[in-house]
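Undergrad: Below you'll find the structure I mean.
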Amino acid sequence: QVQLVESGGGLVQPGGSLRLNCATSGILFSIYDMAWYRQAPGKQRELVASITRRDTTNYANSVQGRFTISRDNAKNTVYLQMNSLKPEDTAVYYCNAINVINRNLNYWGQGTQVTVSL
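According to my numbering, the sequence shown is numbered sequentially starting from 12.
Structure follows, in structure tokens:
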């Protein structure tokens, strides 16, 4: 059974930091490209950052320079370090895994809430 379990969300003040974790099980993690998406109330889900199995990263313009995505293949986990958080970063953050051989194998976590507010 495939599971993606996010953790690390919460309430933080503007300018603060959080680190999101996505622990996976039931997949061969090393052959999956990983990504973080977010969805704010009333908005579409958007890509925040992605990392390929070969550690190539990509970021949305809105988070470039503030967020860092990384992965640990030994722990089957992907991370999102978020610094200099802004109120507009408030959203539910979702972890995504896509198999590089069969891209129909596409999995999502349940999401973790990040709220940036005074």
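For each residue, glycine too, the CB sits at the ideal point set by N, CA and C. Owing to the predicted nature of the structure, the values given are computational and were not obtained by experimental measurement.
1. Do the CB positions of Glu17 and Cys33 come within less than 8 angstroms of each other?
2. Using the Cα positions of Pro25 and Leu31, report the straight-line distance between them to the nearest angstrom.
3. For Gly20, does the count of other Cβ atoms within 10 angstroms reach 16, so buried, or fall short, so exposed?
4. Note down the Cα distance separating Tyr70 from Tyr105, rounded to an integer number of angstroms.
5. With a CB to CB cut of under 6 angstroms and the five nearest residues on each side skipped, what residues in its chain are close to Leu22?
6. Can you find at least 3 beta carbon pairs, one from the stretch 38-48 and one from the stretch 104-123, that sit closer than 8 angstroms?
7. Just to confirm before moving on: does the CB-CB distance between Asn84 and Ser36 stay below 8 angstroms?
8. Assuming Leu91 contacts Ala60 under a Cβ cut-off of 8 angstroms, what Cβ separation, rounded to an integer in Å, is found between them?
9. From which residue to which residue does the beta strand (DSSP E) around Ala102 run?
10. Kindly indicate which residue of Gly120, Glu99 and Asn110 has the alpha-carbon position closest to the one of Ser128.
11. Rounded to a whole number of angstroms, what is the C-alpha to C-alpha distance between Thr79 and Lys54?
12. Leaving out five residues before and five after Arg64 in sequence, what residues of the same chain have Cβ atoms less than 7 angstroms from its Cβ?
TA: By the coordinates alone:
1. Along the sequence shown, read from residue 1 onward, the residue named residue 17 stands at position 6. Along the sequence shown, read from residue 1 onward, the residue named residue 33 stands at position 22. Remark: C-beta atoms of Glu17 and Cys33 approach each other more closely than 8 angstroms.
2. Here the question's residue 25 lines up with position 14 in the sequence shown. Here the question's residue 31 lines up with position 20 in the sequence shown. Pro25 and Leu31 have their C-alpha atoms some 17 angstroms from each other.
3. For the purposes of this step, residue 20 is identified with residue 9 of the sequence shown, where counting begins at 1. Burial check for Gly20: the Cβ neighbour count within 10 Å reaches 16 or more, so the residue is buried.
4. In the sequence shown, residue 70 corresponds to position 59, counting from 1. In the sequence shown, residue 105 corresponds to position 94, counting from 1. Cα to Cα, Tyr70 sits roughly 15 angstroms from Tyr105.
5. In the sequence shown, the residue the question calls residue 22 occupies position 11. So the qualifying residues of the chain are Thr126.
6. Contact annotation: the stretch 38-48 touches the stretch 104-123, with at least three C-beta pairs closer than 8 angstroms.
7. What you label residue 84 is simply residue 73 of the sequence shown in a count that begins at 1. What you label residue 36 is simply residue 25 of the sequence shown in a count that begins at 1. Going by C-beta atoms, Asn84 is not nearer than 8 angstroms to Ser36.
8. Taking the first residue of the sequence shown as position 1, residue 91 is located at position 80. Taking the first residue of the sequence shown as position 1, residue 60 is located at position 49. Indeed, because the Cβ distance is near 6 angstroms, the residues count as touching under 8 angstroms.
9. Position 91 of the sequence shown holds residue 102. Ala102 -> beta strand (DSSP E) spans Ala102 to Asn110.
10. As a working mapping, residue 128 is identified with position 117 in the sequence shown. Taking only the C-alpha atoms, the option nearest Ser128 is Glu99.
11. In the sequence shown, residue 79 corresponds to position 68, counting from 1. In the sequence shown, residue 54 corresponds to position 43, counting from 1. C-alpha separation (whole angstroms): 23 angstroms.
12. Numbered from its first residue, the sequence shown carries residue 64 at position 53. These residues qualify, in order along the chain: Ser41, Ile42, Tyr43, Asp44 and Val111.
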